[in-house]
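K.L.:
Take any residue in the sequence shown, count from 1 to its spot, add 35: that is its number in our numbering.
Positions of the beta carbon are idealized from the N, C-alpha and C atoms, including for glycine.
Fair warning: this is a prediction, and the values are worked out from it, not measured in the lab.
A single structure is presented below for examination.
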Amino acid sequence: MGYKQTYAAWKADPEAYWMQAAEAIDWVKRPTRALDDSAAPFYRWYADGQMNTCWNAVDRHVAAGRGADPAIIWDSPMTGQKRRIPFADLQEQTARLGGALQARGVGRGDRVIIYMPMVPEALVAMLACARIGAVHSVVFGGFAAHELAVRIDDATPKAVIAGSCGLEPGRTIAYKPLLDEAIRLSAHAPEFCVILQRPECAAELTPGRDHDWHDFQSGAAPADCVPVGGADPLYILYTSGTTGQPKGVVRPNAGHAVALHWTMKNVYDVAPGDVFWAASDVGWVVGHSYICYAPLIYGCTTVVFEGKPVGTPDAGTFWRVIAEHDVRVLFTAPTAFRAIKRVDPKGAFIGQHDLSRLKALYLAGERADPDTIEWAQTMLKVPVIDHWWQTETGYTIAGNPWGLERLPVKIGSPTVPMPGYEVHVLGEDGHQLKPGELGAIAVKLPLPPGTLSGLWNAEDRFRKSYLHHFPGYYETGDAGMVDEDGYLWIMARTDDVINVAGHRLSTGAMEEVLAGLPEVAECAVIGVADPLKGQLPMGFLCVSAGVDRPSEEIVQDAVARVREKIGPVAAFKLAVVVERLPKTRSGKILRATMAKIADGEPWKMPATIDDPAILDEIREALQGLGYAREPAGA
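Here is the structure:
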């Protein structure tokens with residue numbers, strides 16, 4: 036069936052549709068029904084079934100005779116090392132670590148925090164927890180001690196599994212001192228810690244509490260896969276909250292496995308045995324879904340990459356990895372390609388590698404501006420497919436379902452909603468808007484399998500954060516519109532829709548215009564307070580390498596272009612050229628923080644920021660425009 040027929044089949048009988056999809060995974064006890072809505076809006080999928088996620092990701096492939104096939108390819112330009120781990124070896128490693136954790140009293144439902152760099156052992160730790168029914172919570176390696184402490188107190192883990200250090204271009208980040216400080220700050224203390232010692236920075240172990248990764252597992256009896264309930268939690272993943280208190284997104288086991296398996300064919304159009312590379316980090320949802328679980332559940336080989344798109348050693352490292360490891364599909368954030376384009380605008384490095392086996396590039400994590408998509412299409416000569424989803428959903432809300440039907444690409448749109456997602460664009464009062472009208476994007480309940488079942492120990496916060504504003508809907512927090520063809524357009528976060536003299540305008544639309552300037556490699560637009568118009572847009576422009584035009588001329592062109600493409604109603608007059616933009620480690624631009632600095636409001640240093648020093652540079656640029664008058668600080 037094509038897309039329309041598949042979507043219609045789901046909508047006509049969601050129960051039958053998701054029960055059929057569940058046939059793709061292995062069950063210990065098959066569920067008798069897909070959806071349990073008895074406690075709505077806390078929906079449970081496959082609740083009376085039993086299964087094990089590690090079995091589905093590892094053991095069943097070994098049982099099917101694929102034990103010698105590669106499960107993980109580790110490529111680390113930071114260390115110069117590469118390693119291939121077959122499914123059989125991955126099975127042995129997860130069973131041994133799982134057994135060692137069981138021997139120390141970790142069992143079904145217990146939490147384990149994982150604080151690791153991009154090494155294969157991070158996946159082994161995740162899968163070992165899944166194997167024994169423990170609930171893992173991966174915290175991005177190198178997170179500040181305070182932020183780690185908050186997560187320790189919320190998840191109350193029995194154990195922490197950590198690396199001794201992480202590697203960044205030009206620096207080594209010692210994790211163990213951060214972990215020690217986090218445990219000192221937290222009210223809850225884990226019973227023990229397991230430390231993977233890396234030769235780049237070995238850690239001093241605390242006697243009685245800390246165990247060396249290898250010594251800890253020595254002599255442990257391998258663990259079998261423990262059956263868990265379909266609605267039992269697999270993991271907790273913390274995402275930033277508007278209050279500064281992170282939200283622990285809970286992902287149940289069975290719906291997660293069913294949904295991710297469904298996406299590998301229907302969204303990404305890969306086959307078992309293909310090499311799939313999600314260039315992200317295990318600390319983010321993309322790392323959970325598409326570095327660890329989805330490729331392995333489907334039987335693909337997954338790439339674990341320890342490096343950066345530029346600087347490790349150059350802007351050609353992505354192309355080397357693709358060519359060397361026969362990558363069929365690359366999935367990354369648009370910011371990675373903007374970084375490559377800025378350093379190598381003519382794509383000189385691309386010609387040095389054979390990319391003929393690459394089928395497609397998928398982008399997600401932030402808005403993919405048309406200029407970046409067109410550059411990637413031209414340079415790679417493969418389809419570039421934008422798709423949209425969130426930490427909370429765990430996989431695609433809207434995309435181009437290549438395994439079902441290759442729909443026409445509209446650059447700037449992630450295409451259409453996937454089965455399971457009935458997407459509406461709503462006005463502030465909850466009424467449905469017409470095609471082309473900008474509003475809040477919401478998904479009619481229930482959400483499909485694989486999405487969040489709630490927030491960890493925070494039922495009221497779950498309701499207030501996602502369900503309160505539009506009863507009967509999940510509020511995504513994104514703003515956009517639907518066109519006459521049913522294509523979805525994500526224009527901004529709801530907070531990034533600004534009100535200029537009564538006109539609701541999308542900062543994303545302005546960024547799209549600015550990105551079309553030939554000198555601009557990357558840009559951001561925020562709304563700043565204005566006593567006359569309420570808000571005014573302000574643009575920040577990063578120029579490509581080798582551009583020597585005066586900044587004043589580039590700013591003049593930017594103002595003129597927005598006026599031409601969007602109109603005088605945007606009142607776009609404020610712009611500045613900056614060296615770089617403040618981002619999270621996953622590449623998202625910290626627009627809300629920039630806006631608070633501009634308006635002189637109190638702000639908190641984001642836990643996920645890649646380089647805090649950039650905010651000082653932004654403040655200086657804002658002061659040059661007459662903003663950030665107050666010395667606001669964290």
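At which residue ranges does the stretch 279-341 contain complete beta strand (DSSP E) runs of 3 or more residues, listed in the order of the chain?
P.N.:
282-287, 310-313 and 336-340
K.L.:
To which residues of the same chain is Trp-423 closer than 6 Å at the C-beta, ignoring the five residues directly before and after it?
P.N.:
Taking the first residue of the sequence shown as position 1, residue 423 is located at position 388. The answer, listed in chain order, is Ile-432, Ala-433, Pro-449 and Ile-525.
K.L.:
What residue from Lys-64, Trp-437, Val-417 and Ser-73 has the CA that sits closest to Gln-85's CA?
P.N.:
Translated into the one-based positions of the sequence shown, residue 85 becomes position 50. Looking at the Cα atoms, Lys-64 is the closest of the given residues.
K.L.:
Can you tell me which of the three DSSP states Met-526 falls into?
P.N.:
Against the sequence shown, residue 526 aligns to sequence position 491. Taken through DSSP and simplified to helix, strand or coil, Met-526 comes out as strand.
K.L.:
Ordered along the chain, which non-local residues of its own chain (more than five positions away) have a Cβ less than 7 Å from that of Gly-668?
P.N.:
As a first step, residue 668 is located in the sequence shown; it is residue number 633 there, counting from the start. Residue placement at Gly-668 is poorly supported in this model, since its pLDDT is 46, which falls under 50; the coordinates still yield a value, given next. Same-chain partners within the cutoff: there are none.
K.L.:
Just the C-alpha distance for Cys-577 and Glu-557, rounded to the nearest angstrom, thanks.
P.N.:
Counting from one through the sequence shown, the residue named residue 577 turns up at place 542. Counting from one through the sequence shown, the residue named residue 557 turns up at place 522. Going from the Cα of Cys-577 to the Cα of Glu-557 covers about 5 Å.
K.L.:
When you compare only the Cα positions, how much space is there between Leu-609 and Ile-375?
P.N.:
In the sequence shown, the residue the question calls residue 609 occupies position 574. In the sequence shown, the residue the question calls residue 375 occupies position 340. Spanning the two alpha carbons is a distance of roughly 27 Å.
K.L.:
Under 7 Å Cβ to Cβ from Arg-244, same chain only, skipping five residues before and after it: list those, please.
P.N.:
Reading the sequence shown from its first residue, position 209 is the one you call residue 244. Excluding residues within five positions, the ones whose Cβ falls inside 7 Å are Phe-227 and Cys-228.
K.L.:
In chain order, what residues of the same chain have a beta carbon less than 7 Å from the beta carbon of Thr-274, not counting five sequence neighbours either side?
P.N.:
One-based indexing of the sequence shown puts residue 274 at position 239. Result list for Thr-274: Pro-281, Lys-282, Val-284 and Thr-426, in chain order.
K.L.:
Can you say whether Gly-290 is buried or exposed, counting buried as having 16 or more other CB atoms within 10 angstroms of its CB?
P.N.:
In the sequence shown, counting from the first residue as 1, residue 290 sits at position 255. Label assigned to Gly-290: buried.
K.L.:
Mind the definition here: the stretch 534-545 touches the stretch 495-507 only if three or more C-beta pairs lie below 8 Å; say whether that holds.
P.N.:
Output reads no: the stretch 495-507 does not touch the stretch 534-545.
K.L.:
Which residues does DSSP pair with Pro-452 in a beta bridge?
P.N.:
As a working note, residue 452 is residue 417 in the sequence shown. DSSP lists Ala-433 as the beta-bridge partner residues of Pro-452.
K.L.:
Can you tell me the Cα-Cα spacing of Glu-409 and Ala-358, whole angstroms?
P.N.:
On the sequence shown, residue 409 is found 374 positions in, with the first residue counted as 1. On the sequence shown, residue 358 is found 323 positions in, with the first residue counted as 1. Distance between the alpha carbons of Glu-409 and Ala-358: 22 Å.
K.L.:
For Thr-628, count neighbouring Cβ atoms within 10 angstroms of its own Cβ and tell me buried if that reaches 16, exposed if not.
P.N.:
Against the sequence shown, residue 628 aligns to sequence position 593. Buried, by the Cβ-count rule.
K.L.:
Terminal residues of the continuous alpha helix (DSSP H) containing Arg-131?
P.N.:
Translated into the one-based positions of the sequence shown, residue 131 becomes position 96. Secondary structure note for Arg-131: its alpha helix (DSSP H) is the uninterrupted segment 122-138.
K.L.:
To the nearest angstrom, report how far apart Ile-624 and Ala-138 are at their CA atoms.
P.N.:
The residue labelled residue 624 in the question sits at position 589 within the sequence shown. The residue labelled residue 138 in the question sits at position 103 within the sequence shown. Those two C-alpha atoms are separated by around 44 Å.
K.L.:
Can you list, in chain order, the residues of its chain whose CB lies under 8 Å from that of Leu-220, leaving out five sequence neighbours each side?
P.N.:
Within the sequence shown, residue 220 is the residue found at index 185, counting from 1. Closer than 8 Å at the Cβ level, and outside the excluded window around Leu-220, lie Ala-180, His-181 and Ala-184.
K.L.:
Could you check what DSSP says for Ala-656 in three-state terms: helix, strand or coil?
P.N.:
Indexing the sequence shown from 1 puts residue 656 at position 621. Helix.
K.L.:
Can you check DSSP and say which residues form a bridge with Ala-209?
P.N.:
Reading the sequence shown from its first residue, position 174 is the one you call residue 209. Beta-bridge pairing links Ala-209 to Cys-200.
K.L.:
Could you give the residue range of the alpha helix (DSSP H) that holds Cys-164?
P.N.:
Residue 164 sits at position 129 when you count from the first residue of the sequence shown. Taken as a continuous stretch (DSSP letters only), the alpha helix (DSSP H) holding Cys-164 covers 155-167.
K.L.:
Report buried or exposed for Val-604, applying the criterion of at least 16 other Cβ atoms within 10 angstroms of its Cβ.
P.N.:
Start at 1 with the first residue of the sequence shown, and residue 604 comes out as number 569. Val-604 should be labelled exposed.
K.L.:
Helix, strand or coil, according to DSSP, for Tyr-662 in the structure here?
P.N.:
By one-based count along the sequence shown, residue 662 stands at place 627. Coil, per DSSP.
K.L.:
From the DSSP output, in three-state form, read off Ala-669 for me.
P.N.:
If you number the sequence shown from 1, residue 669 lands on position 634. In this prediction, Ala-669 scores a pLDDT of 43, lower than 50, which makes its location untrustworthy; the coordinate-derived value is nonetheless stated afterwards. In the structure shown, Ala-669 sits in coil (DSSP, three-state: anything other than H, G, I, E or B).
K.L.:
Using the rule of at least 16 other Cβ atoms within 10 Å of the residue's Cβ for burial, across every protein chain shown, is Arg-206 buried or exposed?
P.N.:
Translated into the one-based positions of the sequence shown, residue 206 becomes position 171. Exposed, because fewer than 16 other Cβ atoms sit within 10 Å of the Cβ of Arg-206.
K.L.:
Taking the straight line between their C-alpha atoms, what separation do you get for Ala-130 and Tyr-430?
P.N.:
Residue numbering aside, residue 130 sits at position 95 when the sequence shown is read from its first letter. Residue numbering aside, residue 430 sits at position 395 when the sequence shown is read from its first letter. If I take the Cα positions, the gap works out to 28 Å.
K.L.:
From the DSSP secondary-structure annotation, give me the bridge partner or partners of Asp-71.
P.N.:
Residue 71 sits at position 36 when you count from the first residue of the sequence shown. According to DSSP, which records beta bridges pairwise, Asp-71 is partnered with Arg-79.
K.L.:
Measure the alpha-carbon distance for Lys-445 versus Gly-133 and round it to whole angstroms.
P.N.:
In the sequence shown, the residue the question calls residue 445 occupies position 410. In the sequence shown, the residue the question calls residue 133 occupies position 98. In a straight line, the C-alpha of Lys-445 is about 46 Å away from that of Gly-133.
K.L.:
Quick check on DSSP: helix, strand or coil for Cys-260?
P.N.:
Your numbering for residue 260 matches position 225 in the sequence shown. DSSP places Cys-260 in coil when its eight states are reduced to three.
K.L.:
At a cut of 8 Å, does the stretch 113-123 reach the stretch 98-105 through at least three beta carbon pairs?
P.N.:
With the cut-off at 8 Å, the stretch 113-123 and the stretch 98-105 touch.
K.L.:
Please state whether DSSP places Phe-353 in a helix, a strand or coil.
P.N.:
The count along the sequence shown starts at 1 and reaches residue 353 at position 318. Note: Phe-353 maps to helix in three-state DSSP.
K.L.:
Please report the Cβ distance between Asp-520 and Ile-476, rounded to the nearest whole angstrom; I am assuming they are in contact, meaning their Cβ atoms lie under 8 Å.
P.N.:
Translated into positions along the sequence shown, residue 520 becomes position 485. Translated into positions along the sequence shown, residue 476 becomes position 441. With 8 Å as the limit, Asp-520 and Ile-476 do not qualify as a contact, their Cβ atoms being about 17 Å apart.
K.L.:
With a Cβ-Cβ cutoff of 8 Å, do Val-168 and Arg-143 count as a contact?
P.N.:
On the sequence shown, position 133 is the one that residue 168 refers to. On the sequence shown, position 108 is the one that residue 143 refers to. Here residue 168 is Gly; the residue named in the question, Val, does not match the sequence. In this structure, Arg-143 lies closer than 8 Å to Gly-168 by Cβ.
K.L.:
What span of residues does the beta strand (DSSP E) with Ile-230 cover, start to end?
P.N.:
Your numbering for residue 230 matches position 195 in the sequence shown. Residues 227-231.
K.L.:
Using the C-alpha atoms, what's the distance from Gly-635 back to Tyr-662?
P.N.:
As a working note, residue 662 is residue 627 in the sequence shown. As a working note, residue 635 is residue 600 in the sequence shown. Rounded to whole angstroms, Tyr-662 to Gly-635 spans 8 Å at the Cα level.
K.L.:
Over what stretch of residues does the beta strand (DSSP E) that includes Lys-376 continue unbroken?
P.N.:
For the purposes of this step, residue 376 is identified with residue 341 of the sequence shown, where counting begins at 1. Unbroken run through Lys-376 is the alpha helix (DSSP H), 369-378; no beta strand (DSSP E).
K.L.:
So His-181 is in the alpha helix (DSSP H); what residue range does that whole segment cover?
P.N.:
Here residue 181 refers to the residue found at position 146 of the sequence shown. Counting along the chain, the alpha helix (DSSP H) containing His-181 begins and ends at 180-190.
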